[in-house]
Structure formats: C-alpha cells, structure tokens
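S.K.: Be aware that the sequence shown starts at 4, since it is given in my numbering, and climbs by one per residue. C-beta atoms are modelled at their ideal positions from N, C-alpha and C, and glycine is treated no differently. One structure coming up, written as structure tokens, with questions to follow.
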Amino acid sequence: MMEKSFVMVKPDAVERRLMGKILTKFEEKGLQIIATKMILITEDLAKEHYAEHSEKPFFKSLVEYITSAPVLAMVIQGDECISVIRKIVGSTNPKEAEIGTIRGDYAMDTGRNIIHASDAPDSAKREINLFFKESEIMDYEMPDINMIYE
Ligand code: IDP
Ligand code: MG
C-alpha cells in the first residue's frame, strides 16, 4: 500500500553536513521525496511534535536539541514506506542500530540520533499535517517506477 511518512533530519545532522548523504539513502532505495523544507522549530512546535514524550525525563533536553539549529523536514512516499524508512533509519539508540542504517552509520547517542521518522500511519498523518500545508506536498511521476516496483 502506498504510504507517506514524515522524516526530519535533526539539527546535529544539518550542522554536520549530512543532509545529502541521508537524502541519498532514501532516493537510492527507490523512495520518492515529495516535500522538503528547512525550518527552525519553535519551542511550541517541538512540544506538540513530541507530545507523547512530555512526561519523560529527557523531554526538556529533547526540546532543546530539536530547536537548537535548523532541521530538514520532509515527506517521503512509497509502498509500505513507513516501516521501510524506520528500517533504513535504525534503532533509536544509535549504539544498537545496525551498521548500514543511518543511525548505525552516523550517530553514537540516543540524544543525538540525527533523524526522525514516523512510526505508524496515524503518527505520519499527524506529523505531516503539523509541518506541511497540502500545497507544499508535490505530486509527480517517477519515470522508473516500473523498475522499482514489479
Ligand atoms: P524514535 O525517534 O526512534 O521514534 P522515540 O522513543 O519516539 O524514538 O523518542 C523520540 C526521540 O527522543 C528520540 O529519537 C531521541 O531523540 C529522544 N530520546 C528518546 N529516548 C531518549 C533518552 O533516553 N535520552 C535522550 N533522548 C531520548
Ligand atoms: Mg518515535
């Protein structure tokens, strides 16, 4: 089933000039990037995005982290892409993330794990709507779609 996922390159990865390498992983997989924008997340937006973690001990530092520099927010589309992207991203704790995943290759600490990706269809919808207007999400053909999917 075709899905859309919300993915965000976190501030540390933007600062470390990893945006291109991260985008390349998704593009080479065959996923379609249908929206991107660089933004400085406000404290309010950070708290709303991470509302499910508001009672956790790391919440304050998480909000500080995610608002510390610009992020690259994006929407990615593909067949069952929500779970596929979570696999490409790797475990929340980068020390446990498999080598070959984004967190496994480029990060060391849970508190500096360089990328966010939606974990389910409901959260994907919520997060996409939080960051993007309908008009910012592009609709275009992939000319090699029949080489990516059978
Ligand atoms: P996820 O990003 O893999 O979905 P979640 O458990 O939803 O992981 O946590 C959201 C984000 O909160 C993580 O990506 C990480 O940045 C941060 N986080 C989670 N657990 C911890 C922790 O124990 N210490 C510091 N930061 C944490
Ligand atoms: Mg999560």
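By DSSP's criteria, Glu-6 is part of a beta bridge. Which residues make up the other side?
M.R.: As a first step, residue 6 is located in the sequence shown; it is residue number 3 there, counting from the start. Glu-6 is bridged to Gly-81.
S.K.: Can you confirm whether the stretch 87–103 touches the stretch 22–41 when touching is taken to mean that 3 or more C-beta pairs between the two stretches lie within less than 8 Å?
M.R.: yes
S.K.: Under the rule that 16 or more other beta-carbon atoms within 10 Å means buried, what is Met-11, buried or exposed?
M.R.: Taking the sequence shown and counting its residues from 1, the one referred to as residue 11 is at position 8. With 16 or more other Cβ atoms within 10 Å, it is buried.
S.K.: Does DSSP put Met-111 in a helix, a strand or coil?
M.R.: For the purposes of this step, residue 111 is identified with residue 108 of the sequence shown, where counting begins at 1. Reduced to three states, the DSSP call for Met-111 is coil.
S.K.: So, helix, strand or coil for Met-145, using DSSP?
M.R.: Along the sequence shown, read from residue 1 onward, the residue named residue 145 stands at position 142. Coil at Met-145, not helix or strand.
S.K.: Pick out the complete alpha helix (DSSP H) segments inside the stretch 28–64, 4 residues or longer, and give them in chain order.
M.R.: 46–52
S.K.: Bridge partners for Ile-118 per DSSP, in chain order?
M.R.: Locating residue 118 in the sequence shown gives position 115, counting from the first residue. DSSP, once it has assigned bridges, lists Val-12 as partnering Ile-118.
S.K.: Tell me whether Asp-122, by its Cβ, gets closer than 7 Å to a heavy atom of the ligand MG.
M.R.: The residue labelled residue 122 in the question sits at position 119 within the sequence shown. Yes, the beta carbon of Asp-122 sits closer than 7 Å to at least one heavy atom of the ligand MG.
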